[in-house]
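Read the structure below first, then the notes.
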Amino acid sequence: MPKNSPTSLDPRSPLVLDTRELPRRPGALRTVERVVPAPSDLGVELISVPEGADLDLDLRMESVSEGVLVSGTVSGPIRGECGRCLREINDSVAVTIQELYAYENSTTDATTEEDEVGRMQGDLIDLEPALRDAVVLALPTNPLCRQDCPGLCPDCGVHGDDLPADHSHQQIDPRWAGLSQLTRTEE
Ligand SMILES: [Zn+2]
Ligand SMILES: [Zn+2]
């Protein structure tokens, strides 16, 4: 096992997995169950996991011949804004992760592209990129507070829920209609 491999990862960082306790023997397993604070910008423009919110990691690390396979689920709260009516959305997201991290200097390391397979840095795995990809993919680019959200009236900005079904701005407002009658009598 290469010792003191150059690494930029901090083993104490919440999204770094340390495999020192995992024997490098195919089939060896370790589970990782922890709650970590969500990193910043975990999401898309209109909806994301609030920074620092509790992310639940429920993962297992399995030694395979060329590296470590990390699989399991990550879940956490999401907060955002409805793309139609701008109301706040509070929901949760759970994503599945399955990612192979090749040992440094393994055949897999030497024969695959950087973006095909993850890489271990010494005994450490940086979970953040895979976690980010999985969460971002799972989030809607146009989130809705509910599937049939009626949105806002484009003319007066009032929420469709608060308007009668026949709400429209085509007719003359009844108050003005009365006034125009008044004008006519004067003529
Ligand atoms: Zn809405
Ligand atoms: Zn309106």
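Residue numbers (this note's numbering): 1 to 187.
Ideal Cβ positions, reconstructed from N, Cα and C, are used throughout, including at glycine.
Just so it is clear, the structure is predicted and the values come from calculations on it, not from any experiment.
By DSSP's criteria, residue i is part of a beta bridge. Which residues make up the other side?
| i | result |
| --- | --- |
| residue 42 | 49 |
| residue 30 | 61 |
| residue 124 | 18 and 121 |
| residue 37 | 54 |
| residue 165 | None; residue 165 has no bridge partner. |
| residue 101 | 68 and 118 |
Along the alpha helix (DSSP H) that carries residue i, what are the first and last residues, could you check?
| i | result |
| --- | --- |
| residue 134 | 128 to 138 |
| residue 110 | 107 to 111 |
Considering only the beta carbon of each residue, do residue i and residue j sit closer than 8 Å?
| i | j | result |
| --- | --- | --- |
| residue 154 | residue 83 | no |
| residue 17 | residue 139 | no |
| residue 34 | residue 57 | yes |
| residue 78 | residue 48 | yes |
| residue 67 | residue 102 | yes |
| residue 75 | residue 94 | yes |
With DSSP as the reference, label residue i as helix, strand or coil.
| i | result |
| --- | --- |
| residue 96 | strand |
| residue 18 | strand |
| residue 91 | strand |
Does ligand 3 have a heavy atom nearer than 7 Å to the CB of residue i?
| i | result |
| --- | --- |
| residue 37 | This structure simply doesn't include ligand 3; it includes ligand 1 and ligand 2 instead. |
Need the endpoints of the beta strand (DSSP E) that residue i sits in, please.
| i | result |
| --- | --- |
| residue 58 | 54 to 64 |
| residue 73 | 67 to 81 |
- Any residue whose CB is nearer than 7 Å to a heavy atom belonging to ligand 1, listed in chain order: 82, 84, 85, 87, 144, 145, 146, 149 and 151
- Task: Give every residue whose Cβ lies closer than 5 Å to any heavy atom of ligand 2, listed in chain order.
- Result: 153, 155 and 156
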